[in-house]
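Note sheet for the following structure.
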Amino acid sequence: MDICLVIVTENQWMPNKPNHLLVNEYNPGQGIMPHTDAPALFGPCILSLSLLSDCLMKFTSSETTHDGKSIDIVLRKSF
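Given below as structure tokens:
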């Protein structure tokens, strides 16, 4: 876990030291279901870090807007 904290702080990717760290491991082709991260639970700044391989994240409009807009972002491996 320390290496994640070092990468985040040395690159100044967050304004403050993170107060929460969640680590997930996914096999190729696996992922998580669409969801909304709650700022009240995780804070105003949420960061995703991919360590072992590139990964594709798809961001879509919230359920409240229903406008069908989405954007794909490739996270390049960070380590």
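Numbering (my numbering), first residue to last: 3 to 81.
Don't be surprised by glycine CBs; every beta carbon is placed ideally from N, CA and C.
As the structure is a prediction and not an experimental result, all values here were calculated from the model.
When the distance is taken between beta carbons, is residue j closer than 7 Å to residue i?
i     : j     : result
Leu53 : Asp74 : no
Thr62 : Ser50 : no
Ser55 : Lys79 : yes
Met1  : Leu23 : The question about residue 1 has no answer, for the chain in this structure spans 3 to 81.
Met16 : Val8  : no
Over what stretch of residues does the alpha helix (DSSP H) that includes residue i continue unbroken?
i    : result
Asp4 : 4-12
Hey, quick one: how far does the beta strand (DSSP E) through residue i stretch, first residue to last?
i     : result
Asp69 : No beta strand (DSSP E) holds Asp69; DSSP gives it neither H nor E.
Practice problem: At 3 residues or longer, and completely inside the segment 23-64: list those beta strand (DSSP E) runs for me, N to C. | Solution: 57-62
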